[in-house]
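Here's the structure we're looking at; comments come further down.
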Amino acid sequence: MRPRHFLSVVLAATLWGFGGITGTLLGDHAGIGPLSIAMWRMLVAGVALLAYLAVRGTLRRLSAAQWRRALLTGTLTAAFEACYFLGISYSSVGLSTLIGIGSAPVFVAAYDWATERRRPPVTTLIALALALGGLALLLSGSLDTGRNGPLGALIALGAGATFAAITVVNRHEVPGLGPVEHTAFAFTFGGLLLVPAAAATGIGAASDGYGWALTIAMGVLITALAYVAYLTGLRSVPPFVATIVALLEPLVAAIAAALIFAERLGPLGIVGGLLLGAAVVLLRPQRDEPESLH
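Residue numbers (the UniProt record's numbering): 1 to 294.
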(Lines of atoms letter the chains of each structure in order from A; the text may use other names.)
(Lines give C-alpha, C1' and ligand atoms only; values in the text may rest on other atoms or scores of the structure.)
Protein backbone atom coordinates (compact mmCIF):
# COMPACT_ATOMS: atom_id res chain seq x y z
CA MET A 1 0.00 0.00 0.00
CA ARG A 2 1.65 3.19 -1.18
CA PRO A 3 1.42 6.23 1.10
CA ARG A 4 0.43 8.56 -1.75
CA HIS A 5 -2.42 6.25 -2.73
CA PHE A 6 -3.61 6.08 0.89
CA LEU A 7 -3.58 9.88 1.02
CA SER A 8 -5.59 9.94 -2.23
CA VAL A 9 -8.35 7.93 -0.55
CA VAL A 10 -8.21 10.27 2.48
CA LEU A 11 -8.53 13.24 0.11
CA ALA A 12 -11.54 11.64 -1.60
CA ALA A 13 -13.31 11.04 1.72
CA THR A 14 -12.55 14.60 2.81
CA LEU A 15 -13.99 16.10 -0.37
CA TRP A 16 -17.08 13.87 -0.17
CA GLY A 17 -17.66 15.24 3.32
CA PHE A 18 -18.58 18.61 1.81
CA GLY A 19 -21.14 17.03 -0.52
CA GLY A 20 -23.96 17.09 2.00
CA ILE A 21 -23.31 20.73 2.89
CA THR A 22 -23.20 21.81 -0.76
CA GLY A 23 -26.24 19.71 -1.66
CA THR A 24 -28.20 21.20 1.25
CA LEU A 25 -27.26 24.74 0.27
CA LEU A 26 -28.20 24.06 -3.36
CA GLY A 27 -31.47 22.36 -2.47
CA ASP A 28 -32.52 25.14 -0.11
CA HIS A 29 -31.50 27.89 -2.52
CA ALA A 30 -32.90 26.48 -5.76
CA GLY A 31 -35.60 24.11 -4.47
CA ILE A 32 -33.99 21.10 -6.13
CA GLY A 33 -34.91 17.57 -5.01
CA PRO A 34 -32.30 15.01 -3.89
CA LEU A 35 -32.42 12.88 -7.06
CA SER A 36 -31.96 15.98 -9.23
CA ILE A 37 -29.00 16.98 -7.08
CA ALA A 38 -27.49 13.52 -7.56
CA MET A 39 -28.10 13.76 -11.32
CA TRP A 40 -26.45 17.18 -11.66
CA ARG A 41 -23.61 16.05 -9.41
CA MET A 42 -22.72 13.20 -11.78
CA LEU A 43 -23.42 15.00 -15.05
CA VAL A 44 -21.35 18.07 -14.17
CA ALA A 45 -18.50 15.85 -12.98
CA GLY A 46 -18.51 13.73 -16.13
CA VAL A 47 -18.88 16.58 -18.62
CA ALA A 48 -16.24 18.71 -16.85
CA LEU A 49 -13.71 15.88 -17.07
CA LEU A 50 -14.59 15.20 -20.72
CA ALA A 51 -14.01 18.89 -21.46
CA TYR A 52 -10.68 18.73 -19.59
CA LEU A 53 -9.58 15.77 -21.70
CA ALA A 54 -10.70 17.52 -24.89
CA VAL A 55 -8.74 20.70 -24.05
CA ARG A 56 -5.65 18.62 -23.36
CA GLY A 57 -6.13 16.76 -26.64
CA THR A 58 -6.31 13.38 -24.89
CA LEU A 59 -9.99 12.61 -25.42
CA ARG A 60 -10.14 9.36 -27.38
CA ARG A 61 -12.27 6.34 -28.14
CA LEU A 62 -12.16 3.62 -25.53
CA SER A 63 -11.58 -0.04 -26.19
CA ALA A 64 -14.36 -2.54 -25.53
CA ALA A 65 -12.84 -3.56 -22.18
CA GLN A 66 -12.44 0.08 -21.14
CA TRP A 67 -16.05 0.85 -22.09
CA ARG A 68 -17.32 -2.10 -20.07
CA ARG A 69 -15.47 -0.93 -16.96
CA ALA A 70 -16.57 2.70 -17.35
CA LEU A 71 -20.22 1.77 -17.93
CA LEU A 72 -20.20 -0.66 -14.99
CA THR A 73 -18.69 1.96 -12.68
CA GLY A 74 -21.19 4.56 -13.88
CA THR A 75 -24.13 2.23 -13.35
CA LEU A 76 -23.01 1.25 -9.85
CA THR A 77 -22.36 4.88 -8.87
CA ALA A 78 -25.77 5.98 -10.13
CA ALA A 79 -27.35 3.14 -8.12
CA PHE A 80 -25.37 4.18 -5.03
CA GLU A 81 -26.47 7.82 -5.33
CA ALA A 82 -30.12 6.83 -5.86
CA CYS A 83 -30.17 4.34 -2.96
CA TYR A 84 -28.43 6.74 -0.59
CA PHE A 85 -30.81 9.64 -1.23
CA LEU A 86 -33.89 7.40 -1.26
CA GLY A 87 -32.76 5.90 2.04
CA ILE A 88 -32.59 9.40 3.49
CA SER A 89 -36.09 10.20 2.24
CA TYR A 90 -37.57 7.12 3.94
CA SER A 91 -35.54 7.26 7.17
CA SER A 92 -33.04 10.00 8.04
CA VAL A 93 -29.62 11.31 7.06
CA GLY A 94 -28.03 9.75 10.14
CA LEU A 95 -29.55 6.30 9.73
CA SER A 96 -28.95 6.18 5.97
CA THR A 97 -25.33 7.28 6.42
CA LEU A 98 -24.66 4.82 9.25
CA ILE A 99 -26.05 1.86 7.32
CA GLY A 100 -25.15 2.93 3.79
CA ILE A 101 -21.53 3.91 4.36
CA GLY A 102 -20.90 1.80 7.44
CA SER A 103 -21.97 -1.45 5.77
CA ALA A 104 -19.62 -1.06 2.77
CA PRO A 105 -16.50 -2.50 4.51
CA VAL A 106 -18.58 -5.43 5.78
CA PHE A 107 -19.77 -6.19 2.25
CA VAL A 108 -16.18 -6.04 0.96
CA ALA A 109 -14.97 -8.38 3.72
CA ALA A 110 -17.83 -10.80 3.00
CA TYR A 111 -17.01 -10.76 -0.72
CA ASP A 112 -13.31 -11.43 -0.12
CA TRP A 113 -14.17 -14.30 2.21
CA ALA A 114 -16.70 -15.83 -0.19
CA THR A 115 -14.47 -15.61 -3.26
CA GLU A 116 -10.97 -16.06 -1.85
CA ARG A 117 -11.46 -17.34 1.72
CA ARG A 118 -9.35 -14.36 2.76
CA ARG A 119 -9.81 -12.80 6.17
CA PRO A 120 -8.86 -9.18 6.86
CA PRO A 121 -5.80 -8.70 9.10
CA VAL A 122 -6.52 -8.30 12.81
CA THR A 123 -5.30 -4.69 12.77
CA THR A 124 -7.74 -3.86 9.99
CA LEU A 125 -10.62 -5.50 11.88
CA ILE A 126 -9.76 -3.43 14.96
CA ALA A 127 -9.76 -0.31 12.78
CA LEU A 128 -13.18 -1.29 11.40
CA ALA A 129 -14.58 -1.72 14.93
CA LEU A 130 -13.19 1.67 15.94
CA ALA A 131 -14.56 3.32 12.80
CA LEU A 132 -18.05 1.84 13.09
CA GLY A 133 -18.23 2.64 16.81
CA GLY A 134 -17.07 6.18 16.10
CA LEU A 135 -19.57 6.55 13.26
CA ALA A 136 -22.44 5.41 15.49
CA LEU A 137 -21.46 7.90 18.20
CA LEU A 138 -20.96 10.68 15.67
CA LEU A 139 -24.42 10.15 14.22
CA SER A 140 -26.15 9.24 17.50
CA GLY A 141 -28.12 12.47 17.56
CA SER A 142 -29.60 11.97 14.09
CA LEU A 143 -30.54 8.28 13.97
CA ASP A 144 -34.28 8.88 13.52
CA THR A 145 -36.26 6.09 11.86
CA GLY A 146 -38.24 8.62 9.84
CA ARG A 147 -41.49 7.79 8.08
CA ASN A 148 -40.46 4.23 7.17
CA GLY A 149 -37.30 3.22 8.99
CA PRO A 150 -37.17 -0.47 7.93
CA LEU A 151 -37.58 0.36 4.24
CA GLY A 152 -35.07 3.21 4.51
CA ALA A 153 -32.58 0.87 6.22
CA LEU A 154 -33.04 -1.75 3.48
CA ILE A 155 -32.47 0.83 0.73
CA ALA A 156 -29.43 2.16 2.61
CA LEU A 157 -28.03 -1.39 2.64
CA GLY A 158 -28.32 -1.24 -1.13
CA ALA A 159 -26.20 1.92 -1.06
CA GLY A 160 -23.57 0.13 1.04
CA ALA A 161 -23.55 -2.86 -1.31
CA THR A 162 -23.18 -0.72 -4.43
CA PHE A 163 -20.38 1.39 -2.93
CA ALA A 164 -18.59 -1.82 -1.96
CA ALA A 165 -19.10 -3.10 -5.51
CA ILE A 166 -17.61 0.10 -6.99
CA THR A 167 -14.54 -0.45 -4.84
CA VAL A 168 -14.16 -4.18 -5.54
CA VAL A 169 -14.76 -3.82 -9.29
CA ASN A 170 -12.01 -1.22 -9.49
CA ARG A 171 -9.53 -3.22 -7.41
CA HIS A 172 -7.58 -3.77 -10.63
CA GLU A 173 -7.23 -1.22 -13.41
CA VAL A 174 -8.12 -1.85 -17.03
CA PRO A 175 -4.89 -1.33 -19.01
CA GLY A 176 -4.78 2.12 -20.58
CA LEU A 177 -7.81 3.48 -18.69
CA GLY A 178 -6.60 6.22 -16.34
CA PRO A 179 -8.65 7.55 -13.40
CA VAL A 180 -9.57 10.81 -15.19
CA GLU A 181 -10.81 9.06 -18.33
CA HIS A 182 -12.56 6.43 -16.26
CA THR A 183 -14.40 8.97 -14.11
CA ALA A 184 -15.26 11.17 -17.12
CA PHE A 185 -17.05 8.47 -19.10
CA ALA A 186 -18.48 6.64 -16.07
CA PHE A 187 -20.07 9.72 -14.52
CA THR A 188 -21.46 11.08 -17.77
CA PHE A 189 -23.16 7.74 -18.33
CA GLY A 190 -24.27 7.45 -14.70
CA GLY A 191 -25.70 10.97 -14.73
CA LEU A 192 -27.73 10.15 -17.84
CA LEU A 193 -29.04 7.03 -16.10
CA LEU A 194 -30.35 9.23 -13.26
CA VAL A 195 -32.30 11.53 -15.59
CA PRO A 196 -35.46 9.32 -15.63
CA ALA A 197 -35.38 8.93 -11.83
CA ALA A 198 -34.98 12.68 -11.39
CA ALA A 199 -37.74 13.34 -13.95
CA ALA A 200 -40.13 11.12 -11.99
CA THR A 201 -39.82 13.46 -9.02
CA GLY A 202 -39.50 16.67 -11.03
CA ILE A 203 -36.14 17.76 -12.41
CA GLY A 204 -34.90 21.00 -10.91
CA ALA A 205 -31.98 23.21 -11.85
CA ALA A 206 -30.23 26.31 -10.57
CA SER A 207 -31.59 29.59 -11.92
CA ASP A 208 -28.92 32.10 -10.91
CA GLY A 209 -25.16 32.48 -10.60
CA TYR A 210 -24.99 31.41 -6.98
CA GLY A 211 -26.95 28.24 -7.66
CA TRP A 212 -24.79 27.29 -10.63
CA ALA A 213 -21.64 28.06 -8.63
CA LEU A 214 -22.80 25.54 -6.03
CA THR A 215 -23.70 23.04 -8.76
CA ILE A 216 -20.31 23.35 -10.45
CA ALA A 217 -18.41 23.19 -7.16
CA MET A 218 -20.34 20.06 -6.18
CA GLY A 219 -19.72 18.43 -9.55
CA VAL A 220 -16.11 19.42 -10.20
CA LEU A 221 -14.51 19.51 -6.75
CA ILE A 222 -16.64 17.32 -4.51
CA THR A 223 -17.40 14.66 -7.12
CA ALA A 224 -15.01 14.64 -10.09
CA LEU A 225 -11.81 15.36 -8.16
CA ALA A 226 -12.86 13.09 -5.29
CA TYR A 227 -13.59 10.06 -7.47
CA VAL A 228 -10.43 10.55 -9.52
CA ALA A 229 -8.52 10.54 -6.21
CA TYR A 230 -10.41 7.47 -4.97
CA LEU A 231 -9.82 5.45 -8.14
CA THR A 232 -6.17 6.50 -8.05
CA GLY A 233 -5.89 5.30 -4.46
CA LEU A 234 -7.33 1.90 -5.34
CA ARG A 235 -4.17 1.19 -7.36
CA SER A 236 -2.57 -0.07 -4.15
CA VAL A 237 -5.01 0.49 -1.26
CA PRO A 238 -7.01 -2.72 -0.58
CA PRO A 239 -10.80 -2.29 -1.05
CA PHE A 240 -11.50 -3.20 2.59
CA VAL A 241 -9.12 -0.50 3.81
CA ALA A 242 -10.44 2.05 1.30
CA THR A 243 -14.05 1.61 2.43
CA ILE A 244 -13.03 2.08 6.07
CA VAL A 245 -11.12 5.26 5.25
CA ALA A 246 -14.21 6.47 3.36
CA LEU A 247 -15.97 6.59 6.73
CA LEU A 248 -14.12 9.88 7.23
CA GLU A 249 -16.79 11.45 5.00
CA PRO A 250 -19.45 11.86 7.73
CA LEU A 251 -16.81 13.14 10.15
CA VAL A 252 -15.78 15.89 7.73
CA ALA A 253 -19.46 16.61 7.06
CA ALA A 254 -20.15 16.96 10.80
CA ILE A 255 -17.21 19.31 11.31
CA ALA A 256 -18.23 21.38 8.27
CA ALA A 257 -21.83 21.58 9.53
CA ALA A 258 -20.59 22.72 12.93
CA LEU A 259 -18.52 25.48 11.31
CA ILE A 260 -21.03 26.59 8.65
CA PHE A 261 -24.42 25.93 10.25
CA ALA A 262 -23.32 26.20 13.88
CA GLU A 263 -24.52 22.65 14.53
CA ARG A 264 -23.31 21.22 17.83
CA LEU A 265 -21.29 18.00 17.78
CA GLY A 266 -21.73 17.26 21.46
CA PRO A 267 -19.53 15.04 23.67
CA LEU A 268 -20.56 11.78 21.96
CA GLY A 269 -19.91 13.28 18.55
CA ILE A 270 -16.44 14.42 19.59
CA VAL A 271 -15.60 10.96 20.97
CA GLY A 272 -16.93 9.40 17.77
CA GLY A 273 -14.77 11.69 15.68
CA LEU A 274 -11.69 10.78 17.69
CA LEU A 275 -12.41 7.06 17.21
CA LEU A 276 -12.78 7.55 13.46
CA GLY A 277 -9.51 9.44 13.35
CA ALA A 278 -7.80 6.69 15.37
CA ALA A 279 -9.04 4.08 12.89
CA VAL A 280 -7.51 5.94 9.95
CA VAL A 281 -4.21 6.40 11.80
CA LEU A 282 -4.17 2.66 12.57
CA LEU A 283 -4.63 1.86 8.87
CA ARG A 284 -1.97 4.22 7.56
CA PRO A 285 0.88 2.68 5.56
CA GLN A 286 4.07 2.07 7.54
CA ARG A 287 7.23 3.76 6.40
CA ASP A 288 9.02 0.47 5.96
CA GLU A 289 6.46 -0.79 3.41
CA PRO A 290 8.29 -1.08 0.06
CA GLU A 291 7.17 1.70 -2.27
CA SER A 292 7.69 -0.62 -5.25
CA LEU A 293 4.85 -2.91 -4.23
CA HIS A 294 1.70 -2.45 -6.34
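Glycine is no exception: its CB is placed at the ideal position from the N, C-alpha and C atoms.
Beta-carbon proximity list for residue i, same chain, < 7 angstroms, skipping 5 on both sides
| i | result |
| --- | --- |
| residue 171 | 234, 239 |
| residue 123 | 282 |
| residue 201 | 33, 35 |
| residue 211 | 26, 29, 30 |
| residue 291 | Here the model assigns residue 291 a pLDDT of 46, short of 50, so the residue's position is not dependable, and the following value carries that caveat. Here the set comprises 2. |
| residue 226 | 12, 15, 16 |
Residue range of the alpha helix (DSSP H) that includes residue i
| i | result |
| --- | --- |
| residue 92 | Segment: none, residue 92 is in no alpha helix (DSSP H) and carries neither H nor E. |
| residue 182 | 179-200 |
| residue 6 | 3-16 |
| residue 56 | 34-56 |
| residue 301 | This structure gives no information on residue 301, because the portion of the chain shown stretches from 1 to 294. |
Cβ-Cβ separation, residue j to residue i (assumed contact under 8 angstroms), whole Å
| i | j | result |
| --- | --- | --- |
| residue 65 | residue 174 | 5 angstroms |
| residue 39 | residue 77 | Incorrect: roughly 12 angstroms between the Cβ atoms, too far for contact. |
| residue 49 | residue 183 | 6 angstroms |
| residue 139 | residue 97 | 6 angstroms |
| residue 229 | residue 12 | 4 angstroms |
| residue 269 | residue 254 | 6 angstroms |
| residue 251 | residue 130 | Incorrect: roughly 12 angstroms between the Cβ atoms, too far for contact. |
Nearest residue (CA-CA) to residue i, options the options
| i | options | result |
| --- | --- | --- |
| residue 205 | 3, 11, 44, 93 | 44 |
| residue 267 | 137, 231, 284, 195 | 137 |
| residue 220 | 193, 247, 187 | 187 |
| residue 165 | 58, 86, 106, 127 | 106 |
| residue 180 | 116, 7, 51 | 51 |
Per-residue burial, residue i [other beta carbons within 10 Å of its own, 16 or more giving buried]
| i | result |
| --- | --- |
| residue 273 | buried |
| residue 113 | exposed |
| residue 260 | exposed |
| residue 167 | buried |
| residue 245 | buried |
| residue 209 | exposed |
| residue 92 | buried |
Same chain, Cβ closer than 6 angstroms to residue i, five either side skipped, listed in chain order
| i | result |
| --- | --- |
| residue 190 | 42, 74, 77, 78 |
| residue 132 | 102 |
8 angstroms CB neighbourhood of residue i in its chain, flanking five on each side removed
| i | result |
| --- | --- |
| residue 157 | 99, 100, 103 |
| residue 23 | 34, 37, 41, 218 |
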